[in-house]
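Visitor: Quick one: this structure, given as structure tokens, is what I'll be asking you about.
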Amino acid sequence: MKRLRIIVVLTVLAVFLSGGIALGEDQKPAEQKAEEPKVTGSASAAFLSQYIFRGYEIGSHSMVIQPAITLSYYGFSANLWSNFDTRQHPTQSFFPSTTGNSSLNETDLTLSYTYTIDKLSLTGGYIWYGTQYANQTQEFFLSAAYDIISKPVLTIYQDIDNYPGTYFQLAFSHSLPVYKEITFDMGASFSYEWGQGNYWKTYQSSTGAYTGDKYSAFHAGMLQGGVTIPVTKTFSVQPVLQWWFPLSGDAHKTVNGVSYNPNGKLDNTVVFGLNMAFNF
Numbered sequence: 000m001k002r003l004r005i006i007v008v009l010t011v012l013a014v015f016l017s018g019g020i021a022l023g024e025d026q027k028p029a030e031q032k033a034e035e036p037k038v039t040g041s042a043s044a045a046f047l048s049q050y051i052f053r054g055y056e057i058g059s060h061s062m063v064i065q066p067a068i069t070l071s072y073y074g075f076s077a078n079l080w081s082n083f084d085t086r087q088h089p090t091q092s093f094f095p096s097t098t099g100n101s102s103l104n105e106t107d108l109t110l111s112y113t114y115t116i117d118k119l120s121l122t123g124g125y126i127w128y129g130t131q132y133a134n135q136t137q138e139f140f141l142s143a144a145y146d147i148i149s150k151p152v153l154t155i156y157q158d159i160d161n162y163p164g165t166y167f168q169l170a171f172s173h174s175l176p177v178y179k180e181i182t183f184d185m186g187a188s189f190s191y192e193w194g195q196g197n198y199w200k201t202y203q204s205s206t207g208a209y210t211g212d213k214y215s216a217f218h219a220g221m222l223q224g225g226v227t228i229p230v231t232k233t234f235s236v237q238p239v240l241q242w243w244f245p246l247s248g249d250a251h252k253t254v255n256g257v258s259y260n261p262n263g264k265l266d267n268t269v270v271f272g273l274n275m276a277f278n279f
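Residue numbers (numbering that gives the first Met the number 0): 0 to 279.
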């Protein structure tokens, strides 16, 4: 029901925005029409060997399909994203209700606004995580991006619901021309996780339970390479390869074979797949 409400909201938003533009065209002189902002958007799908979220393995040994749609208007954006696991398998961070079956196990809604000052872009927003394998939760986030050669982006996420804590992420990206419009795309990200609620208490051998200090550590790193191949002016495909790895001993730590982090330990993990994107 919640997922249906989200889809209805996005549909109404799209109709409202497109209707608003049509009304503006009828009322304003022709010379002003070209200056009006218009709705833009993208539809994409990723076909990956595994779903990794902030270093945590959400399923394994199974291809996942991740469709997404984004609508943007005058700095405001709405994004709907889903994860479809073709064959669910449990991991140290993922405990599905059924094993071996396919499942649409997550649908997220992101609402944001971006303000640009020369090369600096500031974005604030809200994320609703509609997870089927864990308690659904909500976050606010702020990010700052600077348009230089490495395109650094610092983002701070604050959970305000079931998993109170702050997640800091610093990301970089750069593209190199290969042939005509084809580019080789490099990316990297590094994070720190600061758990604040009782959920984040760590595992203690003395009690045999999660009764220790709250988890706080340099968390996940990721390196990525891909090749973007434009098929048309609006449609492109990108084979991609990612390497995820823990940034600290605490992120990878186990105590008597049990994960120190209540969300599960991080491992070195390679993910590969194909991204497809259509812009409109």
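Built from N, CA and C at the ideal position, the CB exists for glycine as well.
1. Under DSSP, the alpha helix (DSSP H) around residue 250 begins and ends at which residues?
2. By DSSP, does residue 260 sit in helix, in strand, or in coil?
3. Buried or exposed: which applies to residue 93, given that a residue is buried once 16 or more other Cβ atoms fall within 10 Å of its Cβ?
4. Who are residue 56's beta bridge partners in DSSP?
5. Let me know if residue 160 comes out buried or exposed under the rule of 16 or more other beta-carbons within 10 Å of its beta-carbon.
6. Does the pairing of the segment 123-142 with the segment 101-115 give three or more beta-carbon distances under 8 angstroms?
7. Leaving aside the five residues before and after residue 105 along the sequence, list all residues of the same chain whose C-beta is less than 6 angstroms from its C-beta, in chain order.
8. Which residue marks the beginning of the beta strand (DSSP E) containing residue 76, and which one marks its end?
9. Does any CB atom of chain B fall closer than 7 angstroms to the CB of residue 67?
10. Taking only the alpha-carbon atoms, compute the straight-line gap between residue 89 and residue 98 and give it to the nearest angstrom.
11. Tell me where the beta strand (DSSP E) around residue 245 begins and ends.
Guide: Working from what's here:
1. Here the question's residue 250 lines up with position 251 in the sequence shown. Its alpha helix (DSSP H) spans residues 248-251.
2. In the sequence shown, the residue the question calls residue 260 occupies position 261. Of the three classes helix, strand and coil, the one that applies to residue 260 here is coil, per DSSP.
3. Reading the sequence shown from its first residue, position 94 is the one you call residue 93. Looking at its Cβ environment, which holds 16 or more other Cβ atoms inside 10 Å, residue 93 is buried.
4. Translated into the one-based positions of the sequence shown, residue 56 becomes position 57. In the DSSP output, where bridge partners are listed per residue, residue 56 has 51.
5. Within the sequence shown, residue 160 is the residue found at index 161, counting from 1. Residue 160 should be labelled exposed.
6. yes
7. Along the sequence shown, read from residue 1 onward, the residue named residue 105 stands at position 106. If we look at residue 105 and ignore the five residues flanking it on each side, its Cβ neighbours are 82, 130.
8. As a first step, residue 76 must be located in the sequence shown, where it is residue number 77. Residue 76 -> beta strand (DSSP E) spans 75-84.
9. Of the protein chains in this structure there is only one, and it is not chain B.
10. Counting from one through the sequence shown, the residue named residue 89 turns up at place 90. Counting from one through the sequence shown, the residue named residue 98 turns up at place 99. C-alpha separation (whole angstroms): 7 angstroms.
11. Start at 1 with the first residue of the sequence shown, and residue 245 comes out as number 246. Note, residue 245: beta strand (DSSP E), 234-245.
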